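Top line first, the protein sequences correspond to chains A and B. Just add 150 to wherever you are in the first sequence, counting from 1, and you've got the working numbering. Just add 31 to wherever you are in the second sequence, counting from 1, and you've got the working numbering. C-beta: ideal position from N, C-alpha, C; glycine also. These figures come from a predicted structure and were not determined experimentally.
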Amino acid sequence: MPAASTVSGAAQPDLLATRVAKHYGAFRAVDDLSFEVARGSFFSILGPSGCGKTTLLRVIAGFLSPDSGDIHIGGKGMNGVPPNKRPVNMVFQHLALFPMMNVGENVGYGLARRGVAKDEIKRRVGDMLERVSLPNSQDKRVDQLSGGQKQRVAIARSLVLEPTLLLLDEPLGALDLKLREHMKIELKALQAAFGTTFVYITHDQSEALVLSDHVAVMNHGRFEQVGTPQQLYYEPQTPFVAGFVGANNRMAGRATDVNGNMVNVTSAEGMVVPARAIGKIARGDVVEAFVRPEVARLARNPAVLREAGLPTFNARITSLLFDGANSAVLLHEAQSNTEFRIALPQTGEFADLTVGESVAFGFDPQRAVCFAADDTAHAA
Amino acid sequence: MQARLMLMLLLAPALLWLVGLIVLPHVELGILSLRERVAPRVYQPSLAQFRTFVEEPLYWHTFMRTALMSIVATAITLLMAFPMAWTIAKLVRGKSKAMLFIMCLIPFWVSETVRTLGWMILLRESGVMPAFLVWLGVTPAPVEMLYHDATILVGLVYTSMLFMVIPLISALESLDDTLIEAAYDLGGSGWSILRQIVIPHAAPGIVAGCIVVFMLTLGNYLTPTLLGGKNSQWFTEQIYTQFITRFNWEQGAAFGFLLLGLSTAIVWIGLKLSGQKFGEVMQKT
């Protein structure tokens, strides 16, 4: 199976959705979606709760039938094919391991349903448990396992059937933070080892960014943007993506100066921020600008920033948000009193900052982005 | 000390009830069943009552027949109650769920006698069902539908239904729907999911319902007597006859203990066969 991942890009996609829609009354849970997932890749669907990602996953699994559109899995049309006949398996949010069976029976359940011979089931279950680092745990009860072990059993139970596609419905949601970080790495390693195509849904951007080859950001039943994690982070195409992927400082205002793809955005309070335009923006348009906390630089002496050629602002620190490597400060720009969040560098240079202290900050305008305002999208 | 006194006071009604209405009568009946009248007002300890039971085929026959019919009635009740409980627990939501549940409950607002008389009105020769069959042309003349074994079973199943439906609903409601979805997703079919996921999960509830229904059926007097008439041959009737008609309390007491032994034995075998534990099962009722 791992060989599948080396097949050229021209190969047939494992999942092909064509204009899939699912409505509940007037509510469009999935709104005319088309996309494809390449063989052997890790594809995530990232979105806030209520964006339709669970509905989409259930349509792919076959628990819901789409109102219109087609799903092809491994090149075969799936309309009217029930879940138990699809080459797709799902890892459920709360895993749904069968408590009335032991680990071996859980993993062997699907094989037994296919009528595989008993010896063969035993052998394959043993192999699979070894591959997910749970050797010889066939006879354990499900409730004897830790959270991470249950996770692995749930994945083993699906992968032993060698599905074309493995669907994962926020499987890390129920785990505590430390274990979640650990399982992220483990999931990625498992996917690489098996080469199975994974479709993963989550509302956690960090999971999506760390795990995926491609991420689709979903909102209101549509994909706002599909791309590699790097593309989503560095080149957001919509204000929603800019606000949802990674942390961001959002500033609404008007384009007061347009020069090529660079725009000066002036907020109602009078702060002027230069940013790179995404899409067409004309002078006078209502726009939103986004500056990532980690893009901005702090300095005690404004001259340092000016010499580096950065637009420079004076500010006063209002709050220190110490969180180890993710530490940041909240500050208010001196003239307009606009609030900004800026990440602290890990050099220790600003370890002694105090609330009320005056500092300067600046950023590379190429790395700030600006969109024509869209009333329906709000930064999360 | 005071806490202890409080506890005793709180337990007093339950203890009085247990001792006064269950333990004492059983002790009394136990003594009665183990003695024999040799002359007016003269008794001596003996196993004569039990010997009569063994030697008299009618008693034996009635005893076994009551047990078998009760098992059949319990099985039919389970088969009929399961889809009902499934519908109420899993398929309907909100208002219609409450409606269906109340519809199961309402017949039990009426006394068992009246309910059984209702069946008699429907099934007797001059009743509704035979007339309907004549009208349909199925039978040329009205047939007597009362006084058959099948009639007794109908009445028993009807009387017991609620006591099966309730534990089944609570057992099925606690089954996580995603388990069924997961099994379906892994290739399970309806039948295999029922057998491997639903029934193992609901087993304590199923066994609880079966025990209650079996006990009620085995000890039922009214329904078999009214619907089965002279042919009913229900063991409780034998007990009644001994106590009331024959005024042979010794024999009646012995029959009572035999019935208790029978029900205990069958419940025990049922628990062993289904691999359930009595304590766990009783928590489900």
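Inset, instruction - Would you kindly report the start and end of the unbroken alpha helix (DSSP H) that includes residue 275 (chain A)? - result: For the purposes of this step, residue 275 (chain A) is taken as residue 125 along the first sequence, with counting starting at 1. Note, residue 275 (chain A): alpha helix (DSSP H), 268-281.
Inset, instruction - Could you please tell me which residues of the stretch 197-224 of chain B, in chain order, have their CB closer than 8 Å to any CB of chain A? - result: 207, 209, 210, 212, 213, 214, 215, 216, 217, 218, 219, 220, 223
Inset, instruction - Consult DSSP for residue 180 (chain B) and reduce its assignment to one of helix, strand or coil. - result: Looking up residue 180 (chain B) in the second sequence gives position 149. Helix.
Inset, instruction - Determine, using beta carbons only, whether residue 274 (chain B) and residue 64 (chain B) come nearer to each other than 8 Å. - result: Here residue 274 (chain B) refers to the residue found at position 243 of the second sequence. Here residue 64 (chain B) refers to the residue found at position 33 of the second sequence. Going by C-beta atoms, residue 274 (chain B) is not nearer than 8 Å to residue 64 (chain B).
Inset, instruction - Give the secondary structure of residue 454 (chain A) by DSSP, where H, G and I count as helix, E and B as strand, and everything else as coil. - result: Counting from one through the first sequence, the residue named residue 454 (chain A) turns up at place 304. Helix at residue 454 (chain A).
Legend entry - Contacts of residue 250 (chain A) in chain B (Cβ-Cβ under 8 Å): Translated into the one-based positions of the first sequence, residue 250 (chain A) becomes position 100. By Cβ distance, chain B contributes 227, 228, 231, 232.
Inset, instruction - From the DSSP output, in three-state form, read off residue 303 (chain A) for me. - result: Stepping through the first sequence from its first residue, residue 303 (chain A) is reached at position 153. The answer is helix: DSSP assigns residue 303 (chain A) an H, G or I state.
Inset, instruction - Take the Cβ of residue 504 (chain A) as the centre, count every other Cβ of all protein chains shown within 10 Å, and call the residue buried at 16 or more, exposed below. - result: Translated into the one-based positions of the first sequence, residue 504 (chain A) becomes position 354. Under this definition residue 504 (chain A) is an exposed residue.
Inset, instruction - Answer yes or no: does any C-beta atom of chain B fall closer than 8 Å to that of residue 244 (chain A)? - result: As a first step, residue 244 (chain A) must be located in the first sequence, where it is residue number 94. Judged by the 8 Å Cβ criterion, residue 244 (chain A) is in contact with chain B.
Inset, instruction - Please determine if the stretch 252-261 of chain B and the stretch 183-203 of chain B are in contact, where contact requires at least 3 C-beta pairs separated by less than 8 Å. - result: yes
Inset, instruction - Pull up the DSSP beta-bridge partners for residue 509 (chain A), would you. - result: Counted from its first residue, the first sequence places residue 509 (chain A) at position 359. DSSP output for residue 509 (chain A) lists A:465 as bridge partner(s).
Inset, instruction - Tell me whether residue 182 (chain B) is buried or exposed, calling it buried when 16 or more other Cβ atoms sit within 10 Å of its Cβ. - result: Here residue 182 (chain B) refers to the residue found at position 151 of the second sequence. That one is buried.
Legend entry - Within chain B, the residues that residue 263 (chain A) reaches when beta carbons sit closer than 8 Å: What you label residue 263 (chain A) is simply residue 113 of the first sequence in a count that begins at 1. Near residue 263 (chain A) (Cβ distances below 8 Å), the residues of chain B are 217, 218, 219, 220, 223.
Inset, instruction - Please report how far the alpha carbon of residue 252 (chain B) lies from the alpha carbon of residue 141 (chain B), in whole angstroms. - result: Working through the second sequence from its first residue, we reach residue 252 (chain B) at position 221. Working through the second sequence from its first residue, we reach residue 141 (chain B) at position 110. Computed Cα separation, rounded: 17 Å.
Inset, instruction - Give the DSSP bridge partners of residue 439 (chain A), in chain order. - result: As a position in the first sequence, residue 439 (chain A) is number 289, starting the count at 1. Paired residues: A:401, A:520.
Legend entry - Segments of 3+ residues assigned as beta strand (DSSP E) that fall wholly inside the stretch 132-188 of chain B: none
Inset, instruction - List the residues of chain B whose Cβ lies closer than 8 Å to the Cβ of residue 344 (chain A), in chain order. - result: Residue 344 (chain A) sits at position 194 when you count from the first residue of the first sequence. None at all; the shortest Cβ gap to chain B is about 17 Å.
Inset, instruction - From the DSSP output, in three-state form, read off residue 89 (chain B) for me. - result: Here residue 89 (chain B) refers to the residue found at position 58 of the second sequence. Residue 89 (chain B) falls in the helix class under three-state DSSP.
Legend entry - Residue interval of the alpha helix (DSSP H) (run including residue 424 (chain A)): As a working note, residue 424 (chain A) is residue 274 in the first sequence. Counting along the chain, residue 424 (chain A) falls outside any alpha helix (DSSP H), though it belongs to the beta strand (DSSP E) covering 422-427.
Legend entry - the stretch 416-423 of chain A contacting the stretch 487-502 of chain A, beta-carbon criterion three pairs below 8 Å: yes
Legend entry - Reference residue 258 (chain A); option with closest CA among A:466, A:245, A:273: Here the question's residue 258 (chain A) lines up with position 108 in the first sequence. If we check each option's Cα against that of residue 258 (chain A), A:273 comes out closest.
Legend entry - DSSP three-state assignment for residue 152 (chain A), whether helix, strand or coil: If you number the first sequence from 1, residue 152 (chain A) lands on position 2. Annotation note: pLDDT 39 at residue 152 (chain A) (below 50); position unreliable, coordinate value reported separately. Reduced to three states, the DSSP call for residue 152 (chain A) is helix.
Inset, instruction - Please name the residue or residues paired with residue 146 (chain A) in a DSSP beta bridge. - result: Since the first residue of chain A shown is 151 and the last is 530, residue 146 (chain A) is not available in this structure.
Inset, instruction - Could you name the residues that DSSP lists as bridge partners for residue 375 (chain A)? - result: In the first sequence, residue 375 (chain A) corresponds to position 225, counting from 1. DSSP, once it has assigned bridges, lists A:367 as partnering residue 375 (chain A).
Inset, instruction - State yes or no: is the C-beta of residue 108 (chain B) within less than 8 Å of the C-beta of residue 195 (chain B)? - result: Along the second sequence, read from residue 1 onward, the residue named residue 108 (chain B) stands at position 77. Along the second sequence, read from residue 1 onward, the residue named residue 195 (chain B) stands at position 164. Result yes, Cβ atoms of residue 108 (chain B) and residue 195 (chain B) sit closer than 8 Å.
Legend entry - Cut-off 8 Å between Cβ atoms - residues of its own chain near residue 233 (chain B), not counting five sequence neighbours on either side: The sequence position of residue 233 (chain B) within the second sequence is 202, counting from 1. So the list reads 199, 202, 203, 206, once near-sequence residues are dropped.
Inset, instruction - Mind listing the chain B neighbours of residue 307 (chain A)? Cutoff is C-beta to C-beta under 9 Å, in chain order. - result: Residue numbering aside, residue 307 (chain A) sits at position 157 when the first sequence is read from its first letter. Neighbours of residue 307 (chain A) on chain B, chain order: 213, 217.
Inset, instruction - Can you give me the Cβ contacts of residue 104 (chain B) inside the same chain, cut-off strictly under 6 Å, excluding the 5 residues immediately before and after it? - result: For the purposes of this step, residue 104 (chain B) is taken as residue 73 along the second sequence, with counting starting at 1. So the list reads 184, 187, 188, 248, once near-sequence residues are dropped.
Legend entry - residue 158 (chain B) to residue 239 (chain B) span [Cα, whole Å]: What you label residue 158 (chain B) is simply residue 127 of the second sequence in a count that begins at 1. What you label residue 239 (chain B) is simply residue 208 of the second sequence in a count that begins at 1. Cα to Cα, residue 158 (chain B) sits roughly 36 Å from residue 239 (chain B).
Inset, instruction - Give the interface partners of residue 211 (chain A) over in chain B, defined as CB-CB distance under 8 Å, in chain order. - result: Within the first sequence, numbered from 1, the residue matching residue 211 (chain A) stands at position 61. Residues of chain B passing the Cβ test: 216.
Legend entry - residue 81 (chain B) versus B:114, B:61, B:96, B:241, residue with shortest Cα-Cα distance: Mapped onto the second sequence, residue 81 (chain B) falls at position 50. Residue 81 (chain B) has its Cα closest to that of B:61, out of B:114, B:61, B:96, B:241.
Inset, instruction - State the start and end residues of the unbroken alpha helix (DSSP H) segment that holds residue 232 (chain B). - result: As a first step, residue 232 (chain B) must be located in the second sequence, where it is residue number 201. Its alpha helix (DSSP H) spans residues 230-249.
Legend entry - At least three beta-carbon pairs within less than 8 Å, the stretch 448-466 of chain A to the stretch 35-49 of chain B: no
Legend entry - Min CB distance residue 530 (chain A) to chain B below 8 Å: Here residue 530 (chain A) refers to the residue found at position 380 when the first sequence is read from its first residue. Unreliable positioning characterises residue 530 (chain A) in this predicted model, as indicated by a pLDDT of 37, which lies under 50. A coordinate reading is not provided.
Inset, instruction - Just confirm the distance between the C-beta atoms of residue 405 (chain A) and residue 413 (chain A), as a whole number of angstroms; I'd bet it's less than 8 Å. - result: Locating residue 405 (chain A) in the first sequence gives position 255, where the first residue counts as 1. Locating residue 413 (chain A) in the first sequence gives position 263, where the first residue counts as 1. At roughly 5 Å, the Cβ-Cβ gap stays under 8 Å, so residue 405 (chain A) and residue 413 (chain A) are in contact.
Inset, instruction - Give me the Cα-Cα distance between residue 502 (chain A) and residue 511 (chain A), rounded to the nearest whole angstrom. - result: As a first step, residue 502 (chain A) is located in the first sequence; it is residue number 352 there, counting from the start. As a first step, residue 511 (chain A) is located in the first sequence; it is residue number 361 there, counting from the start. Their backbone Cα atoms lie some 17 Å apart in a straight line.
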